[in-house]
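Here's the structure, in structure tokens; my notes come after.
Numbering (this note's numbering), first residue to last: 67 to 392.
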């Protein structure tokens with residue numbers, strides 16, 4: 067039962083980072099790929115029907131973490147509450163920018179919303195990437211299962227580390243590549259052409275950077291990421307947009323799985339003493355609680371998946387970025 071719920075937890079986080087990943091990437095790339103208000107509006111419309119549905123997976127992921135692994139949830143949220151609060155505020159800003167962009171009058175209002183969308187999307191990606199980097203390194207977990215330290219140093223200190231910086235940079239690269247590949251798949255006209263070029267440029271740059279970092283650090287994970295980025299580069303050159311997007315999404319999904327399974331059955335490594343690390347079994351809820359949430363999960367999760375698949379099917383047509391002659 068514990069293994070089942072850990073697998074579902076990883077699935078929820080994986081779906082969130084993949085689906086919201088291209089949302090964030092589109093938000094960041096909007097001003098660069100949209101040269102005027104009409105084109106930027108077309109870019110926003112590519113994610114308009116999906117972003118709030120994709121965000122449901124964040125709620126599901128946090129809910130599953132809380133219900134199935136309460137000790138893990140308590141340690142993480144108490145230690146990283148400031149970056150988590152910042153993410154929630156940025157998500158609210160992004161939602162307002164997406165929903166109210168077309169509600170105001172005049173280009174100045176839309177430019178303000180575009181700027182808010184770009185900065186909030188970039189901030190969310192960098193913070194989540196830093197948090198994932200911290201998870202691979204671990205936190206100062208004490209013998210009581212709680213993260214030690216007080217004040218700002220406890221919540222912000224872990225983000226001022228090399229693993230957090232590496233995670234933030236890699237997350238930004240992944241979001242940009244996902245966003246560019248998604249826009250090339252979902253648009254026509256000038257935005258489509260620029261998105262294709264952006265996909266190729268980002269993948270090519272990522273291949274070189276990841277390969278160098280992998281060789282310098284001796285990390286096989288970075289070398290594997292470089293190899294995947296090279297494959298996506300070659301695919302992008304052939305113009306196979308669906309395959310390029312699928313390859314990028316697979317890479318992001320694999321990275322998320324690697325983060326959560328990096329330490330085996332240890333879900334939160336202690337940097338103070340390995341014996342104080344939180345394990346999957348030690349952080350899990352009681353057997354009766356897991357059985358109860360299994361009943362709820364069997365009913366809710368399939369419904370969410372079916373609804374989301376249906377929404378993607380309904381809004382499957384490309385968004386035109388060409389200007390219609392008046």
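Every residue, glycine too, gets a C-beta built ideally from N, C-alpha and C.
| Among 385, 212 and 367, which one has its Cα closest to the Cα of residue 74? | Counting from one through the chain shown, the residue named residue 74 turns up at place 8. When only C-alpha atoms are compared, the closest one is 367.
| task | With a 10 Å radius around its C-beta and 16 neighbouring C-beta atoms as the bar for buried, classify residue 308 as buried or exposed. | result | For this step, residue 308 is matched to residue 242 along the chain shown. So residue 308 ends up on the exposed side.
| request: Flag this pair as yes or no: are the beta carbons of residue 190 and residue 235 separated by less than 8 Å? | output: Taking the chain shown and counting its residues from 1, one reaches residue 190 at position 124. Taking the chain shown and counting its residues from 1, one reaches residue 235 at position 169. No.
| Roughly how many angstroms separate the alpha carbons of residue 331 and residue 347, rounded to a whole number? | One-based indexing of the chain shown puts residue 331 at position 265. One-based indexing of the chain shown puts residue 347 at position 281. Their backbone Cα atoms lie some 8 Å apart in a straight line.
| request: Indicate whether residue 117 and residue 183 have their beta-carbon atoms separated by less than 8 Å. | output: As a position in the chain shown, residue 117 is number 51, starting the count at 1. As a position in the chain shown, residue 183 is number 117, starting the count at 1. For residue 117 and residue 183, no; Cβs fall outside 8 Å.
| request: Spell out a yes or no on whether the segment 269 to 276 and the segment 293 to 307 are touching, meaning 3 or more CB-CB pairs, one atom from each, closer than 8 Å. | output: As far as the Cβ criterion goes, the segment 269 to 276 touches the segment 293 to 307, which means the pair count is three or higher.
| request: Give the range of the beta strand (DSSP E) segment to which residue 334 is assigned. | output: The sequence position of residue 334 within the chain shown is 268, counting from 1. For residue 334, the enclosing beta strand (DSSP E) starts and ends at 332 to 334.
| query | Terminal residues of the continuous alpha helix (DSSP H) containing residue 283? | reply | Within the chain shown, numbered from 1, the residue matching residue 283 stands at position 217. DSSP places residue 283 in the uninterrupted alpha helix (DSSP H) bounded by 256 to 283.
| request: Below 8 Å CB to CB, which residues in the same chain sit around residue 377 once its five sequence neighbours on both sides are set aside? | output: Taking the first residue of the chain shown as position 1, residue 377 is located at position 311. The residues are 115, 116 and 119.
| Beta-carbon separation of residue 384 and residue 252 under 8 Å? | Along the chain shown, read from residue 1 onward, the residue named residue 384 stands at position 318. Along the chain shown, read from residue 1 onward, the residue named residue 252 stands at position 186. Yes, Cβ-Cβ distance for residue 384 and residue 252 is below 8 Å.
| request: Just list the alpha helix (DSSP H) runs in the segment 142 to 205, keeping only unbroken ones of 4 residues or longer that don't cross its boundaries, in chain order. | output: Counting whole runs of 4 or more residues, the segment 142 to 205 contains the alpha helix (DSSP H) stretches 147 to 166 and 173 to 203.
| Cβ separation of residue 193 and residue 136, assumed to be a contact under 8 Å, to the nearest whole Å | Counted from its first residue, the chain shown places residue 193 at position 127. Counted from its first residue, the chain shown places residue 136 at position 70. Rounded to whole angstroms, the Cβ separation of residue 193 and residue 136 is 23 Å, and the two are not in contact under 8 Å.
| task | Please report how far the alpha carbon of residue 172 lies from the alpha carbon of residue 81, in whole angstroms. | result | Numbered from its first residue, the chain shown carries residue 172 at position 106. Numbered from its first residue, the chain shown carries residue 81 at position 15. Those two C-alpha atoms are separated by around 36 Å.
| task | For residue 338, collect the residues of the same chain with a Cβ closer than 6 Å to its Cβ; drop the 5 residues on either side in sequence, then sort them by chain order. | result | Position 272 of the chain shown, counting from 1, holds the residue named residue 338. Excluding residues within five positions, the ones whose Cβ falls inside 6 Å are 206.
| said: Considering only their Cβ atoms, is the gap separating residue 287 from residue 237 smaller than 8 Å? | reply: Sequence index remark: in the chain shown, residue 237 carries index 171 (1-based). Sequence index remark: in the chain shown, residue 287 carries index 221 (1-based). The answer is no: Cβ separation not under 8 Å.
| query | In whole angstroms, what separates the C-alpha of residue 102 from that of residue 247? | reply | Translated into positions along the chain shown, residue 102 becomes position 36. Translated into positions along the chain shown, residue 247 becomes position 181. Our two residues, residue 102 and residue 247, have alpha carbons roughly 21 Å apart in a direct line.
| Run through DSSP, which three-state label would residue 344 get? | Within the chain shown, residue 344 is the residue found at index 278, counting from 1. Residue 344: strand per DSSP, three-state reduction.
| Separation of residue 281 from residue 393, as counted between CA atoms | With the chain covering only 67 through 392, there is no way to say anything about residue 393.
| field | For residue 185 and residue 268, the rounded distance between their alpha carbons | value | Start at 1 with the first residue of the chain shown, and residue 268 comes out as number 202. Start at 1 with the first residue of the chain shown, and residue 185 comes out as number 119. In a straight line, the C-alpha of residue 268 is about 19 Å away from that of residue 185.
| request: Evaluate residue 375 with the Cβ neighbour count: other Cβ atoms within 10 Å of its Cβ, from every protein chain shown; 16 or more gives buried, anything less gives exposed. | output: Start at 1 with the first residue of the chain shown, and residue 375 comes out as number 309. Label assigned to residue 375: exposed.
| request: Determine which residues share a DSSP beta bridge with residue 250 and list them. | output: Your numbering for residue 250 matches position 184 in the chain shown. None, per the DSSP bridge assignment.
| Does the distance from the CB of residue 88 to the CB of residue 313 come in under 8 Å? | Position 22 of the chain shown, counting from 1, holds the residue named residue 88. Position 247 of the chain shown, counting from 1, holds the residue named residue 313. Contact: no.
| query | How many Å lie between residue 355 and residue 124 at the Cα? | reply | Walking along the chain shown from the start, residue 355 turns up at place 289. Walking along the chain shown from the start, residue 124 turns up at place 58. When rounded, the distance between both Cα atoms is 21 Å.
| Which of the three DSSP states, helix, strand or coil, is assigned to residue 295? | Numbered from 1 along the chain shown, position 229 holds the residue referred to as residue 295. It is helical.
| Short check: CB of residue 257 to CB of residue 249, under 8 Å? | Against the chain shown, residue 257 aligns to sequence position 191. Against the chain shown, residue 249 aligns to sequence position 183. Against a cut-off of 8 Å, the Cβ pair of residue 249 and residue 257 comes out as a contact.
| message | For residue 97 and residue 351, what's the separation of their Cα atoms in angstroms? | response | As a position in the chain shown, residue 97 is number 31, starting the count at 1. As a position in the chain shown, residue 351 is number 285, starting the count at 1. Their backbone Cα atoms lie some 46 Å apart in a straight line.
| message | Buried or exposed for residue 71, going by 16 or more other Cβ atoms inside 10 Å? | response | As a first step, residue 71 must be located in the chain shown, where it is residue number 5. Residue burial annotation: residue 71 is buried, with at least 16 other C-beta atoms found within 10 angstroms of its C-beta.
| task | Could you have a look at residue 387 and say whether DSSP puts it in helix, strand or coil? | result | Along the chain shown, read from residue 1 onward, the residue named residue 387 stands at position 321. Note: residue 387 maps to coil in three-state DSSP.
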